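Position one of the sequence shown corresponds to residue 23 (the numbering used here), numbered consecutively onward.
By construction, the Cβ of each residue, glycine as well, lies at the ideal position given by its N, Cα and C atoms.
Since we're looking at a predicted model, the values are computed, not measured.
One structure is given here, and the rest of the page talks about it.
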Amino acid sequence: MGMHRRAVSRMLAGLGLSAVAMPALAQAKTVEVSMGRGKMVFLPASVTINAGDTVNWTNPAVVLHSVTFDPSMAVKPENVALPAGVKPFDSGDMGQDATFSHTFTVKGTYKYICKMHEAMGMIGTVVVT
Ligand SMILES: [Cu+2]
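In structure tokens:
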């Protein structure tokens with residue numbers, strides 16, 4: 023096994039690649055989530071991704087929205103959930119055509135809100151497996 027790994031590493035090094043970088047490059051993807059145009063929703067409201075993937079939110083509407091993974095900004099803190107050890111984060115106010123990206127490295131279930139429309143049910147979920 024050790025011999026085989028060394029041989030593969032030598033081959034990859036010859037190609038200018040490193041064995042550790044290969045799986046991440048092969049798997050990482052970006053998932054798109056849109057915010058409501060006329061409706062106060064995230065579309066899709068729930069996405070399931072792999073650790074290392076990125077979610078990119080876009081606001082197509084004139085109405086301000088936000089992507090808020092911070093329970094201290096929620097009317098009902100239970101509408102936001104983060105896996106243990108993950109620090110809260112927030113997009114700030116997003117005007118029309120604004121985008122916000124986040125790469126998720128910690129596995130678990132995340133719940134987030136639009137801080138302007140939480141009371142209208144603008145709540146989303148990201149499951150990182
Ligand atoms: Cu909103």
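Nearest-angstrom Cα separation, counted from glycine 130 out to methionine 23: Locating residue 23 in the sequence shown gives position 1, counting from the first residue. Locating residue 130 in the sequence shown gives position 108, counting from the first residue. Low local confidence applies: a pLDDT of 39 at methionine 23 is under 50, so the model's placement there is unreliable, and no value is given.
When DSSP labels each residue in this structure, what does asparagine 81 get in the three-state scheme? Taking the first residue of the sequence shown as 1, we reach residue 81 at position 59. In the structure shown, asparagine 81 sits in coil (DSSP, three-state: anything other than H, G, I, E or B).
Residues of its chain near isoleucine 113, where Cβ-Cβ distance is below 6 Å and the 5 sequence neighbours each way are ignored: Within the sequence shown, residue 113 is the residue found at index 91, counting from 1. A small correction: the amino acid at residue 113 is serine; isoleucine does not occupy that position in the sequence shown. Correct list, in chain order: Ser88, Val89, Phe122.
Please classify serine 88: does DSSP put it in a helix, a strand, or coil? On the sequence shown, position 66 is the one that residue 88 refers to. It is coil, neither helix nor strand.
Is histidine 139 near ligand 1 - that is, is its Cβ less than 7 Å away from at least one heavy atom of it? Taking the sequence shown and counting its residues from 1, one reaches residue 139 at position 117. Checking the Cβ of histidine 139 against ligand 1 gives yes.
Go ahead and label methionine 25 buried or exposed: buried means 16 or more other beta carbons lie within 10 angstroms of its beta carbon, across all protein chains shown. Stepping through the sequence shown from its first residue, residue 25 is reached at position 3. Residue placement at methionine 25 is flagged as unreliable, the pLDDT there being 45, under the threshold of 50; a coordinate-derived value is accordingly withheld.
By Cβ distance below 7 Å, which residues in the same chain neighbour lysine 133 in space, the five residues on each side in sequence not counted? As a first step, residue 133 must be located in the sequence shown, where it is residue number 111. Contacts found: Asn101, Val102, Ala103, Ile145, Thr147.
First through last residue of the beta strand (DSSP E) which encompasses glycine 130: Here the question's residue 130 lines up with position 108 in the sequence shown. Note, glycine 130: beta strand (DSSP E), 130-135.
Would you say asparagine 77 and phenylalanine 64 are within 8 Å of each other, going by their C-beta atoms? Within the sequence shown, the letter at position 55 stands for residue 77. Within the sequence shown, the letter at position 42 stands for residue 64. Position check: residue 77 holds valine in this sequence, whereas asparagine was assumed. Inclusion of valine 77 and phenylalanine 64 in the CB contact set at 8 Å is not warranted, their separation being larger than that value.
Between threonine 127 and alanine 50, how many whole angstroms is the CB-CB distance? I'm expecting something under 8 Å. Within the sequence shown, the letter at position 105 stands for residue 127. Within the sequence shown, the letter at position 28 stands for residue 50. The pair is not a contact, with the Cβ atoms about 11 Å apart (cut-off 8 Å).
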